[in-house]
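Written out below as structure tokens is the structure these notes cover.
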Amino acid sequence: MSERSLVLLKPDALQRGLAGRVISRLEDRGLQIVGLKLMQMDMPTAQRHYAEHVEKPFFAGLASFMMSRPLIAMAVQGKNAVEVVRKTMGSTNPQNAEPGTIRGDMAVDIGRNLIHGSDSVESAERELAIFFAEDELLDYQREVEPWVTES
Ligand code: IDP
Ligand code: MG
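Just so we're on the same page, our numbering is the position in the sequence shown counted from 1, plus 56.
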């Protein structure tokens with residue numbers, strides 16, 4: 057089942073010059089980029105995106121980190137894209153993330169874990185609407201598609 061997921065390459069990914077390698081991991085998996093923008097997060101967007109975490113003790117630090125420098129917002133599409141992205145990212149805390157995952161290979165700290173990926177199809181729809189207008193998500197054919205996904 058083809059799905060879309062919201063991916064954020066967090067400010068640490070850009071500051072460390074890892075954006076290209078992180079994007080490559082998602083492309084390597086066969087995911088299709090259907091939306092992409094460089095932006096700087098503001099507080100209303102942080103509160104909306106992280107609505108479930110606003111009351112948590114780590115929210116202030118999380119929001120200030122996410123707003124501190126530009127980030128890249130991406131929409132990726134593919135078979136079971138939401139779960140595929142989550143598995144490719146690895147556990148939230150890089151200390152627990154398996155080697156071979158983005159966080160397991162490139163990060164060490166839960167507060168600098170490089171990447172966000174939607175945690176469910178419902179979250180993906182909600183989050184994509186925060187970062188992208190409908191006409192910024194492009195529906196286009198890739199000639200390689202039959203070699204990535206059987207049906
Ligand atoms: P996720 O990014 O893997 O979905 P969530 O639990 O949704 O993880 O948390 C959102 C983000 O908040 C994490 O990616 C991480 O940057 C940050 N975060 C979560 N828990 C903690 C914590 O205990 N301390 C510091 N930052 C945290
Ligand atoms: Mg989450």
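No residue lacks a Cβ here, since even glycine has one placed at the ideal position from N, Cα and C.
- Measuring C-alpha to C-alpha distances from threonine 101 to each of Ala119, Asp68, Val141, Phe114 identifies Ala119 as the nearest.
- Apart from the 5 residues on each side of it in sequence, glutamate 192 sits with its Cβ closer than 6 Å to the Cβ of Gly91 in its chain, given in chain order.
- For serine 179, the closest C-alpha among the options Ile79, Glu83, Ala107 is that of Ala107.
- The shortest CA-to-CA distance from leucine 170 to any of Trp203, Pro150, Phe188, Ser61 is the one to Pro150.
- Closest by C-alpha distance to isoleucine 186, out of Met99, Asn152, Gln88, is Met99.
- Around the beta carbon of valine 200, a 10 Å sphere encloses fewer than 16 other beta carbons of the protein chains shown; the residue is thus reported as exposed.
- With a cutoff of 7 Å, glycine 167 counts as near the ligand IDP, since its C-beta is closer than that to a heavy atom of the ligand.
- Annotation: proline 126 to leucine 82 spans about 20 Å, alpha carbon to alpha carbon.
- Residue environment: leucine 62 is assigned as buried (16 or more neighbouring CB atoms within 10 Å of its CB, all protein chains considered).
- The DSSP assignment places complete beta strand (DSSP E) segments of no fewer than 3 residues inside the stretch 120–190 at 127–135, 171–173, in order along the chain.
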